[in-house]
Amino acid sequence: MAYSHRAIPGFRLSLGFTLFYLSALVLIPLALLVAKSQSGGFSAFWRAVTTPRALASLKFTLFVSFVAAAINVVFGSILAWVLARIPFPGRRFVDALVDLPLALPTAVAGIALTALYADRGWIGSLLAPLGIHVAFRWTGVVIALVFVGLPFLVRTVQPVIAELDPAVEEAAATLGASPIQTFAFVILPTIFPALRAGFAAAFARALGEYGSVVFIAGNMPMKTEISALLIMTKLDQFDYVGAASLGVVMLATSLLVLLLVHASRTASERRRAVA
Amino acid sequence: MTFEVRDISKRFGLYRALDSVSLRIARGELVALLGPSGCGKTTLLRILAGLEMADSGTVHFEGTDVTHTPAAARGVGLVFQHYALFEHMTVFDNVAFGLRVRGTPKAKIGPRVRELLARVRLDGYADRAPSQLSGGQRQRVALARALASEPKVMLLDEPFGALDAGVRHELRAWLRRLHDETHVTTVLVTHDREDAFELADRVAIMNEGRLEQVGPPADVFRRPATEWVMRFLGHVNEVPVHGSESSVFGYARPHELDLSRSPSDPPSFGARVRRVQAAGALVRVELEFDGNRSVVAEVDEGRFEALALQSGDSVFVSPRLVRVFDPQI
Amino acid sequence: MQSPDLAGLFVSTPSAARRDRPRALARAALTAVALAFLGVVVVLPVLAVFAKALEDGVFAYLRAVVEADALAAMRLTLWIALLVVPANTVFGLAAGWAIGKFEFRGKTLLTSLIEVPFAVSPVISGLIFVLAVGPRSVLGGRLLESGIRVIFAWPGMALATAFVTFGYVARQVITLMETTGRDKEEAALVLGASGWQTFWRVSLPSIRWGLLYGVILCNARAMGEFGGVSVVSGHVRGMTNTLPLYVETLYDDYRFSASFAVASLLVFLAVVTLIAKVLVERKIKVP
Numbered sequence: 219m220a221y222s223h224r225a226i227p228g229f230r231l232s233l234g235f236t237l238f239y240l241s242a243l244v245l246i247p248l249a250l251l252v253a254k255s256q257s258g259g260f261s262a263f264w265r266a267v268t269t270p271r272a273l274a275s276l277k278f279t280l281f282v283s284f285v286a287a288a289i290n291v292v293f294g295s296i297l298a299w300v301l302a303r304i305p306f307p308g309r310r311f312v313d314a315l316v317d318l319p320l321a322l323p324t325a326v327a328g329i330a331l332t333a334l335y336a337d338r339g340w341i342g343s344l345l346a347p348l349g350i351h352v353a354f355r356w357t358g359v360v361i362a363l364v365f366v367g368l369p370f371l372v373r374t375v376q377p378v379i380a381e382l383d384p385a386v387e388e389a390a391a392t393l394g395a396s397p398i399q400t401f402a403f404v405i406l407p408t409i410f411p412a413l414r415a416g417f418a419a420a421f422a423r424a425l426g427e428y429g430s431v432v433f434i435a436g437n438m439p440m441k442t443e444i445s446a447l448l449i450m451t452k453l454d455q456f457d458y459v460g461a462a463s464l465g466v467v468m469l470a471t472s473l474l475v476l477l478l479v480h481a482s483r484t485a486s487e488r489r490r491a492v493a
Numbered sequence: 567m568t569f570e571v572r573d574i575s576k577r578f579g580l581y582r583a584l585d586s587v588s589l590r591i592a593r594g595e596l597v598a599l600l601g602p603s604g605c606g607k608t609t610l611l612r613i614l615a616g617l618e619m620a621d622s623g624t625v626h627f628e629g630t631d632v633t634h635t636p637a638a639a640r641g642v643g644l645v646f647q648h649y650a651l652f653e654h655m656t657v658f659d660n661v662a663f664g665l666r667v668r669g670t671p672k673a674k675i676g677p678r679v680r681e682l683l684a685r686v687r688l689d690g691y692a693d694r695a696p697s698q699l700s701g702g703q704r705q706r707v708a709l710a711r712a713l714a715s716e717p718k719v720m721l722l723d724e725p726f727g728a729l730d731a732g733v734r735h736e737l738r739a740w741l742r743r744l745h746d747e748t749h750v751t752t753v754l755v756t757h758d759r760e761d762a763f764e765l766a767d768r769v770a771i772m773n774e775g776r777l778e779q780v781g782p783p784a785d786v787f788r789r790p791a792t793e794w795v796m797r798f799l800g801h802v803n804e805v806p807v808h809g810s811e812s813s814v815f816g817y818a819r820p821h822e823l824d825l826s827r828s829p830s831d832p833p834s835f836g837a838r839v840r841r842v843q844a845a846g847a848l849v850r851v852e853l854e855f856d857g858n859r860s861v862v863a864e865v866d867e868g869r870f871e872a873l874a875l876q877s878g879d880s881v882f883v884s885p886r887l888v889r890v891f892d893p894q895i
Numbered sequence: 109m110q111s112p113d114l115a116g117l118f119v120s121t122p123s124a125a126r127r128d129r130p131r132a133l134a135r136a137a138l139t140a141v142a143l144a145f146l147g148v149v150v151v152l153p154v155l156a157v158f159a160k161a162l163e164d165g166v167f168a169y170l171r172a173v174v175e176a177d178a179l180a181a182m183r184l185t186l187w188i189a190l191l192v193v194p195a196n197t198v199f200g201l202a203a204g205w206a207i208g209k210f211e212f213r214g215k216t217l218l219t220s221l222i223e224v225p226f227a228v229s230p231v232i233s234g235l236i237f238v239l240a241v242g243p244r245s246v247l248g249g250r251l252l253e254s255g256i257r258v259i260f261a262w263p264g265m266a267l268a269t270a271f272v273t274f275g276y277v278a279r280q281v282i283t284l285m286e287t288t289g290r291d292k293e294e295a296a297l298v299l300g301a302s303g304w305q306t307f308w309r310v311s312l313p314s315i316r317w318g319l320l321y322g323v324i325l326c327n328a329r330a331m332g333e334f335g336g337v338s339v340v341s342g343h344v345r346g347m348t349n350t351l352p353l354y355v356e357t358l359y360d361d362y363r364f365s366a367s368f369a370v371a372s373l374l375v376f377l378a379v380v381t382l383i384a385k386v387l388v389e390r391k392i393k394v395p
């Protein structure tokens, strides 16, 4: 299209400033990160990323993030369903609570969860006699990640559930479907894309989480050390290349997850449009 | 003093919206740009307003070349199809907007706004919010707002497009009266024939980026320049032309077909009545002839009763007026 | 055989009234599970903060909150928010204007790039500025020579915070500017308004609630930022501690009740944020 003339003014000013701010604050620093990770050549990058400690931290981070996101998918969906479909007194108050993990600083969540799940804490003291220790174990990390990821899942899935057409479910019932069949064949396929997107959002969020995890994790290298903490440690040791390399890997993983979701979403939209 | 576009062309990518369109509008005239959607009428209006720039051609307002003048400086008033009222402002503030941004002294704004609201019969609504108004009322606010700064030209984009049929009738009459009172040069875009015919001094019919015909409504209706124009403006019957090879067909309107029980002079052709619709000022008679050809005739009640037509009857059709167009190149 | 009306499990229809009991039980069970989940995961930790904060009594709580270091942390938190939120708001408005009111190639790419900081770990947000303007970098080295300290001082913390909260306002404004379209701006222009007049009198008011919503979120996130500022701060008590960092400092010093006391301030902030959020959301839903 020819854009020789735009009636509404301010295009160059607004776009110019936007690009400038974006570059200065986001693009250039991120580019420097990548550059630093490669500043010792690809071999230095590779070495930094494949040390046993780094690999252990990546494996651990991926593992706990996945488990937390999975828990959120199961229980978060139930919560989303209840909020969207089942009226009960105080629903609006409960609905507002869902966003609390977004509004609460991660450090506060971190110390609170540690206090709760330490062997002497309210919940920890209930679990300890059963032999379940949460604080300073991977289970504690998972709980912290469930906390931060909760709103991502619920807010992604809730609107989709709210938009479900009751007529479709009634039709299924009149055709003889049991509730479980209706759920499995009618409801689940409809909300599945949202579930997948919510899982990815919660997962990506959990990958990089630091503040809420670092208090409850125990942070034992090779055992319960999240990658974010390892990066911090490397910085303290002035191992900039190592920190940058790990950072690039973490960044790439998060972006990859989100890219996959975006791609599958557009693919399913295209399929639906053709059909 | 005229408002003129000369040889205006405009493309959007590969799509040609306007192809060398020229039109002259006299001061005080109300011209309707009439055509199907996609014909370029709205694009032309926006070029007049200064919201789009033509690829080539010029725009002159009262002798001055305004082709490159920005919208804010052209002195036009534009009423959008969906009114584009400022929802967060009151009716008063909406109408006063143009005066305020141009620095009109505060003392003058109040009286002028109130005068305009009275003229559009919305006095008393000054403090309402647009969301509290009906569609017709919102349209009148949009008009008042555009008129406030005494524009040289008023441009209306499908002014009745968003309204119900009943409101349309009322507002059409009202708009014509407003124009007669204010004598502001007006260009109106519409796809509705009735809008154009009822309001306009002249109608400019557009199709696929070109002007097909320009003229007073009666002219355009009775003497269409092309087959396309005739079809666009109303029902068209293809009737055989006698006095030449029988395979030549011409065009006639339903009310231009006379019916009788016997062959007549001027030459007529035989047809059979397929269906009669007698619910209206004119009786619609659907006729078949020559196997599978059909025409629709409109006769007045008196004539119809005299003929006592019924489905299946044989009659003779004689067109009073037959138009033959040069084949389109 | 009449198939039982099972729609009642999911939807309350009149014909389901007959079969209500098992459906109602199922719904109650789901509700209980959901509330229990939310209660354990979200509510309990918040209650724990207050319980622990008051463990040593109310006076200890109050003293912890008005200590010099605590006040300094509050000031620094506010100062950084005061820098970061307006900056990101101006950016959000500029981005919203460019993306919402114009067509140009690369628009989708630009919108995606603005989303990138959301996917970046806070620790990395701090790391990149250590690399970019830290003492070992070219730019940082030169600034240090002129006596300007960026990393291990508040400017670096502001940068990291700005990165982390980068798109909060932009997200809202872009969506709003796109959905409100161009009509009103064009109307204002034809009425004689200049670009700035159009922006201030027409565009900005029409998006004000969404803008406020974004600002509220941006502010909450900025004040609560921890990972990024932790990397970039020097952990110097009274100088480079924001409230969240101060909470950590107290905790590491085994001053648990004081740590929770200060944390409780941040909980209040979160609650106020949530309330403001709910109020603004309601305004947005009523156009």
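Same order as they appear, the protein sequences are chains A, B and C. Residues in the first sequence are numbered consecutively from 219, following this note's numbering. Residues in the second sequence are numbered consecutively from 567, following this note's numbering. Residues in the third sequence are numbered consecutively from 109, following this note's numbering. Ideal placement from N, C-alpha and C gives every residue a C-beta, glycine not left out.
- Put simply, of Val851(B), Val842(B), Gly836(B) and Val802(B) the residue whose alpha carbon is nearest the alpha carbon of Leu887(B) is Val802(B).
- In the three-state scheme derived from DSSP, where H, G and I count as helix and E and B as strand, Gly594(B) is classed as coil.
- Look at the beta carbons and you see the segment 844-863 of chain B not touching the segment 773-784 of chain B: under three pairs across the two are nearer than 8 Å.
- It is roughly 49 Å from the alpha-carbon of Arg309(A) to the alpha-carbon of Gly300(C).
- Its Cα nearest to that of Ile207(C), the residue Ser220(C) stands out among Ser220(C), Thr357(C) and Ala195(C).
- In the three-state reduction of the DSSP assignment, Met182(C) falls in the helix class.
- Apart from the 5 residues on each side of it in sequence, Ile361(A) sits with its Cβ closer than 7 Å to the Cβ of Leu331, Tyr335 and Val352 in its chain, given in chain order.
- Residues of chain C whose Cβ lies closer than 8 Å to the Cβ of His648(B) are, in chain order, Asp291.
- Not a single CB atom of chain A sits nearer than 7 Å to the CB of Leu247(C).
- Taken in chain order, no unbroken stretch of beta strand (DSSP E) lies wholly in the segment 663-707 of chain B with a span of 3 residues or more.
- In the structure shown, the three-state DSSP call for Lys718(B) is coil.
- Taking the Cα of Val890(B) as reference, the smallest distance to any Cα among Pro790(B), Arg694(B) and Asp573(B) is reached at Pro790(B).
- Interface residue (Cβ-Cβ distance to chain C less than 7 Å): His634(B) is not classified as such.
- Using a Cβ-Cβ cut-off of 9 Å, Trp340(A) is close to Leu152, Leu155, Ala156 and Ala159 of chain C, given in chain order.
- Against Gly214(C), chain B offers no close residue; the least beta-carbon distance is about 17 Å (beta-carbon pairs closer than 7 Å).
- Residue range Gly303 to Thr306 is occupied by the alpha helix (DSSP H) that includes Gly303(C).
- For Gln256(A), the secondary structure class from DSSP, reduced to helix, strand or coil, is coil.
- The beta carbon of Pro243(C) sits closer than 7 Å to those of Gly249, Leu252 and Ile259, all from its chain and outside the five residues before and after it, given in chain order.
- Closer than 9 Å at the C-beta level to chain A, one finds these residues of the segment 612-633 of chain B: Arg612, Ala615, Gly616, Leu617, Glu618, Met619 and Asp621.
- Residues Arg271 of the same chain have their beta carbon placed closer than 7 Å to that of Pro439(A), with the five preceding and five following residues left out of the count.
- Assignment of Ala863(B) by DSSP, reduced to helix, strand and coil, places it in the strand class.
- Of the candidates Val141(C), Val198(C) and Glu163(C), the residue whose Cα lies closest to the Cα of Ile296(A) is Val141(C).
- Distance from the CA of Ala714(B) to the CA of Thr216(C), rounded to the nearest whole angstrom, comes to 40 Å.
- The C-beta distance from Ile574(B) to Ala637(B) rounds to 16 Å, too long to meet the 8 Å contact threshold.
- Among the bridge pairs identified by DSSP, Lys576(B) is matched with Leu584(B).
- Put simply, the segment 587-607 of chain B touches the segment 743-752 of chain B. At least three CB pairs are less than 8 Å apart.
- Classified as exposed, Pro602(B) has fewer than 16 neighbouring CB atoms from the shown chains inside 10 Å of its CB.
- Within chain C, the residues Leu138, Val141, Ala142 and Phe145 have their CB atoms less than 8 Å from the CB of Ile296(A), given in chain order.
- Put simply, the CB of Ile232(C) is near chain A, with a gap under 7 Å to one of its CB atoms.
- Under the Cβ distance rule, Ile434(A) does not count among the residues neighbouring chain C, no pair being separated by less than 7 Å.
- If you check the CB distance, Gly606(B) and Leu584(B) come in under 7 Å.
- If the five residues before and after Gln843(B) are omitted, its C-beta is found closer than 6 Å to the C-beta atoms of Arg850, all from its own chain and listed in chain order.
- Using a CB distance below 8 Å, the part of the segment 293-317 of chain C facing chain B consists of Glu294, Ala295, Ala296, Leu297, Val298, Leu299, Gly300, Ala301, Ser302, Gln305, Arg309, Val310, Pro313, Ser314 and Arg316, ordered along the chain.
- Take Arg666(B), set aside five residues on each side of it, and the residues of its chain with a beta-carbon closer than 7 Å to its own are Ile675, in chain order.
- The C-beta of Ser229(C) comes closer than 7 Å to at least one C-beta of chain A.
- For secondary structure counted as the beta strand (DSSP E) over 3 or more consecutive residues, the segment 741-781 of chain B holds these complete runs in sequence order: 751-756, 768-773 and 776-781.
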